[in-house]
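Chains as they are written, first to last, in this note's numbering: chain D, 4 to 645; chain P, 188 to 240.
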C-alpha cells in the first residue's frame, strides 16, 4: 500500500465511490464521487492532537468493535495515506460547528469543515475490480452462542485480540473478564459448506487461518490447551501441510466433528461444548474458556440475503458491490462471486473486455493467491494499455442500416452495452461498437427486422445448415442448436468419454444460444423437422453475461405460439448442458430420441402446412423512412482506440 | 415473497409448483426428470393446448 501511495504514476482516490462507468475497452469514462475528507492528507502529520480532544467515542470497526475510537481518527496504523479521517456521521456536527475542538488544536490547520464532495470524470482504459468479500455473520448458528456468550468470538475478532496492534496489545484475553484463557476451542466451517444456513462452497482460508492461530497461541502461551472441531482439514498449498503437522506436534487436539451445542456456565463463564467425535463415534463434552468460530467468506452483498432481512446486515456493504455489478454488467457464478471470462484460460478477465478481477471478488482466496491474481490483473491491464490497440475476434455484429427500424431492442438485449441505442428524434441509428462486442449474437436473434448481421454465424449460413440436415431422412433427425462453450463442448465430452447415444441428433453450433433466432426454429419446422432442441450454458455459466436468459424468453415465446397454432410444444425442447456434462448430453439425446419416435409423418406434414401460411420464419418488413435511409450517422460514435 | 406457480414439464408431463417472479428469468428444471423444458401453466396455455389436441 505504501509503495502504491508513493508511486508517481498511481493516484489513490480514497473514500471515493464509483458512480458510473460508460464506454468500452480503452475508452471507459468513470464518474467517481470523491467524498469530503475534511482533513487534508497532504498536510496532516498524524500527530494525534485532534484525536485527544475529540469528545466523541464510537466502536472501532477495524478492531471489530472490541475497542473504541474517536470521531476523528487514524483508521489503522498502516493506513495509506497516513492521515487522520473525520467520520462525519459520528462527529457532533459542523454546519454550524457544534464542537470544533479538533480544528482548534490542529497546528497544521489541515482540518476544513467546509469541504464538500467532488465528482470526478476520469478517462480510463481498463478497470480492475477488487472489491473483496465479507466474513460470514455467524448469528445464524445460534447453537454456538455467538452474541449470547461473551467468550464466543469470530476468527476476525480473535485476530485482533492476538495482534500486537489490537485492543489488548497482543495479550490474548477473554472478553468477559479479560483473563488469559487456558483452554481455547476452534469450530471450523461456520457458514461454509452449509447450503442450508450458509454457503455451499469451502471458503478456502479458514483451515489454514485456524492452524496459524493455534500456532500463535502455542507460541505465546505454551501451557494453553487447544481443541479444533472440524469436518476435515484442508491444508493444500506450499508449506501448509507442514504447518498442520507442527500444530499437531504442539499438542493441539483435533476433534473430527462439529459441535451440536454450546452452553455457558454462568458462574465460571466456561463454555461447555457438546460434540460427537466421528472418529471414535462417541459423544464428548469439552469445557473451554474461549471459543473461536472460523467463519467463512461470502461475496459482498449476499450477507443480508443469507441472514434474512430481520437479522440485518452486520458488517456488509452490499450496496457498493451491487452497484459496481450493475455498472460493469458483471455476471456471477452460482456461489455469488463474479464470473471470469474463462475459468482456466482467462481467470482474471471479466467477460467484458478491459475489465479484470483481483482478489476475493472472484472467489475466496488467501493473501498469496490474491497477490498473484492482482499481479496477473495488473499485467493484463498494462499489456492492453501498452499495446495501444485491441485485437478482437471477427465474430461481431454489424448493422444493416437500410433495414433498421430504430426499435432499440438490440441495445436493450446486448449484455455488453456494445450498442448505443438509436435516437428517433435526431434520426441517429444505433451504433455498434465492435471493440465492445463479444459476438454472442443476441442482438441479431432479437432484431425483428433482420437488420443485424452476425459475422460467421449469419442467418443464411445457419438456415443452410438446417436445410442440409433436413434434405434427407428428416423423420430420423433432431435439429439441435448448441452453444460453442457449453453444450457443444458437452457433446464433445460425451464423445471423448465414449458415451453411447442415438445418432438422430444433428448439431448446429452457435457461439451462444442467444444467437438462436426464433426464425431458425420456425424454419426448421417449416422444412419438416420432427423435433428441435435449443441448448446452451447453465445460467451461471453463460459466457455472455445474461445472453442465455434471452434464449429462454425466446423459446417460451415459440412454445406459446406453437400452442396457439396447434403444434405440440413438446417438439421444441430446451436444455442447459455444461461442458462437463457429457453424461447429461448423452441422456438428453436418448430421451429426445424416444420422443422423436412419437412424432408421426402426418403431424409433421400438418405442421408444414400450418407454417407455410404463417411465414413465421420471415423477418418483419420495415415501414416508413428507415427503409430508404442508408447514410445516416450512428448514435454516440466514438473512435475505438486505446 | 414471490408466489408459487404451477409449471409442467414438456418432456415427462410432470406438474410441479415453484416460486415464480415474472420480472426475473430463472433457470428451472423438472424435479422429476431434470429437463429444462418446463412451461408456466397459464390458463391461456392450457386452453391453447386443449384446442390443439
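Cβ atoms here follow ideal geometry from the backbone N, Cα and C, with glycine treated the same way.
Residue interval of the beta strand (DSSP E) (run including residue i)
{"i": "residue 389 of chain D", "result": "Element bounds for residue 389 of chain D: not the beta strand (DSSP E) but the alpha helix (DSSP H), 370 to 390."}
{"i": "residue 613 of chain D", "result": "Not the beta strand (DSSP E): residue 613 of chain D falls in the alpha helix (DSSP H), residues 604 to 617."}
{"i": "residue 79 of chain D", "result": "First-last for residue 79 of chain D: undefined, no H or E at that position."}
{"i": "residue 192 of chain D", "result": "186 to 193"}
{"i": "residue 456 of chain D", "result": "455 to 457"}
{"i": "residue 359 of chain D", "result": "358 to 360"}
{"i": "residue 354 of chain D", "result": "That residue, residue 354 of chain D, is in no beta strand (DSSP E); it is neither H nor E in DSSP."}
{"i": "residue 539 of chain D", "result": "534 to 539"}
{"i": "residue 421 of chain D", "result": "Run containing residue 421 of chain D: none; DSSP gives neither H nor E here."}
Buried or exposed (CB count within 10 angstroms, at least 16 for buried), residue i
{"i": "residue 650 of chain D", "result": "Residue 650 of chain D cannot be examined here, being either before or after the span of chain D that is shown, 4 to 645."}
{"i": "residue 385 of chain D", "result": "exposed"}
{"i": "residue 507 of chain D", "result": "buried"}
{"i": "residue 88 of chain D", "result": "buried"}
{"i": "residue 460 of chain D", "result": "buried"}
{"i": "residue 141 of chain D", "result": "buried"}
{"i": "residue 217 of chain P", "result": "buried"}
{"i": "residue 280 of chain D", "result": "exposed"}
{"i": "residue 148 of chain D", "result": "buried"}
{"i": "residue 95 of chain D", "result": "exposed"}
{"i": "residue 392 of chain D", "result": "exposed"}
{"i": "residue 224 of chain P", "result": "buried"}
{"i": "residue 239 of chain D", "result": "exposed"}
{"i": "residue 348 of chain D", "result": "exposed"}
{"i": "residue 66 of chain D", "result": "buried"}
Extent of the continuous alpha helix (DSSP H) to which residue i belongs
{"i": "residue 675 of chain D", "result": "Because residue 675 of chain D is not part of the residues shown, which for chain D are 4 to 645, the question remains open."}
{"i": "residue 466 of chain D", "result": "462 to 472"}
{"i": "residue 412 of chain D", "result": "412 to 416"}
{"i": "residue 525 of chain D", "result": "521 to 529"}
{"i": "residue 23 of chain D", "result": "Where residue 23 of chain D is concerned, there is no enclosing alpha helix (DSSP H), although the beta strand (DSSP E) it sits in stretches over 19 to 25."}
{"i": "residue 445 of chain D", "result": "445 to 449"}
{"i": "residue 8 of chain D", "result": "5 to 9"}
{"i": "residue 158 of chain D", "result": "158 to 165"}
{"i": "residue 53 of chain D", "result": "52 to 56"}
Collapsed DSSP secondary structure at residue i in the structure displayed
{"i": "residue 223 of chain D", "result": "helix"}
{"i": "residue 213 of chain D", "result": "helix"}
{"i": "residue 112 of chain D", "result": "coil"}
{"i": "residue 498 of chain D", "result": "helix"}
{"i": "residue 598 of chain D", "result": "helix"}
{"i": "residue 493 of chain D", "result": "helix"}
{"i": "residue 312 of chain D", "result": "Here the model assigns residue 312 of chain D a pLDDT of 46, short of 50, so the residue's position is not dependable, and the following value carries that caveat. Three-state DSSP puts residue 312 of chain D in a helix."}
{"i": "residue 426 of chain D", "result": "strand"}
{"i": "residue 226 of chain P", "result": "strand"}
{"i": "residue 516 of chain D", "result": "helix"}
{"i": "residue 106 of chain D", "result": "helix"}
{"i": "residue 203 of chain D", "result": "coil"}
{"i": "residue 231 of chain P", "result": "helix"}
{"i": "residue 211 of chain P", "result": "coil"}
{"i": "residue 137 of chain D", "result": "strand"}
{"i": "residue 198 of chain P", "result": "coil"}
{"i": "residue 1 of chain D", "result": "Summary: the structure shown does not reach residue 1 of chain D, with chain D confined to residues 4 through 645, and so no result is reported for it."}
{"i": "residue 127 of chain D", "result": "strand"}
{"i": "residue 365 of chain D", "result": "coil"}
{"i": "residue 204 of chain P", "result": "strand"}
{"i": "residue 62 of chain D", "result": "strand"}
{"i": "residue 144 of chain D", "result": "coil"}
{"i": "residue 576 of chain D", "result": "strand"}
{"i": "residue 485 of chain D", "result": "strand"}
Q. Are the segment 480 to 495 of chain D and the segment 575 to 592 of chain D touching by the rule of at least three beta carbon pairs closer than 8 Å?
A. Under the three-pair Cβ rule at 8 Å, the segment 480 to 495 of chain D counts as touching the segment 575 to 592 of chain D.
Q. Pairing CB atoms from the segment 184 to 201 of chain D with CB atoms from the segment 217 to 230 of chain D, are three or more of them under 8 Å?
A. Touching, yes.
Q: Identify every run of the beta strand (DSSP E) within the segment 239 to 308 of chain D, keeping only runs that are complete inside it and at least 3 residues long; order them along the chain.
A: Positions of the beta strand (DSSP E) runs, each at least 3 residues long and wholly inside the segment 239 to 308 of chain D, are given as 256 to 259, 264 to 267, 274 to 280, 285 to 291, 293 to 298, 300 to 302 in order along the chain.
Q. Hey, is the segment 186 to 200 of chain D in contact with the segment 297 to 306 of chain D, meaning 3+ C-beta pairs nearer than 8 Å?
A. In this structure the segment 186 to 200 of chain D lies against the segment 297 to 306 of chain D, because at least three pairs of beta carbons, one per stretch, are closer than 8 Å.
Q) Is it true that the segment 206 to 216 of chain D meets the segment 170 to 181 of chain D, where meeting means three or more beta-carbon pairs spaced less than 8 Å apart? A) No, because fewer than three Cβ pairs between the segment 206 to 216 of chain D and the segment 170 to 181 of chain D fall closer than 8 Å, the two stretches do not touch.
Q: Check whether the segment 369 to 377 of chain D touches the segment 395 to 402 of chain D, counting contact only when three or more Cβ pairs, one atom from each stretch, lie closer than 8 Å.
A: Too few Cβ pairs lie closer than 8 Å, so no.
Q) Taking contact to mean at least 3 C-beta pairs separated by less than 8 Å, is the segment 122 to 138 of chain D in contact with the segment 46 to 60 of chain D? A) With fewer than three CB-CB distances shorter than 8 Å, the segment 122 to 138 of chain D does not count as touching the segment 46 to 60 of chain D.
Q.
For the segment 149 to 158 of chain D against the segment 251 to 263 of chain D, do three or more pairs of beta-carbon atoms, one drawn from each stretch, fall closer than 8 Å, so that the two count as touching?
A. Three or more Cβ pairs closer than 8 Å define a contact, and the segment 149 to 158 of chain D falls short of that threshold against the segment 251 to 263 of chain D.
Q: Taking 8 Å as the threshold, find out whether the segment 469 to 487 of chain D comes into contact with the segment 426 to 439 of chain D through three or more Cβ pairs.
A: Flag = no, the segment 469 to 487 of chain D and the segment 426 to 439 of chain D do not touch.
Q) Would you say the segment 548 to 558 of chain D touches the segment 491 to 505 of chain D, given that touching needs at least three Cβ pairs under 8 Å? A) The segment 548 to 558 of chain D vs the segment 491 to 505 of chain D: no contact.
Q. Does the pairing of the segment 561 to 573 of chain D with the segment 600 to 618 of chain D give three or more beta-carbon distances under 8 Å?
A. The segment 561 to 573 of chain D vs the segment 600 to 618 of chain D: in contact.
Q | At least 3 beta-carbon pairs within less than 8 Å: the segment 108 to 121 of chain D vs the segment 38 to 52 of chain D | A | With the cut-off at 8 Å, the segment 108 to 121 of chain D and the segment 38 to 52 of chain D touch.
(Q) With three or more beta-carbon pairs closer than 8 Å as the criterion, would you say the segment 460 to 479 of chain D touches the segment 515 to 523 of chain D? (A) Yes: the two stretches touch, three or more of their Cβ pairs being nearer than 8 Å.
Q) Does the segment 15 to 35 of chain D come close enough to the segment 120 to 127 of chain D that 3 or more CB-CB pairs lie under 8 Å? A) A contact between stretches requires three or more CB pairs, one per stretch, nearer than 8 Å, and the segment 120 to 127 of chain D meets this requirement with the segment 15 to 35 of chain D.
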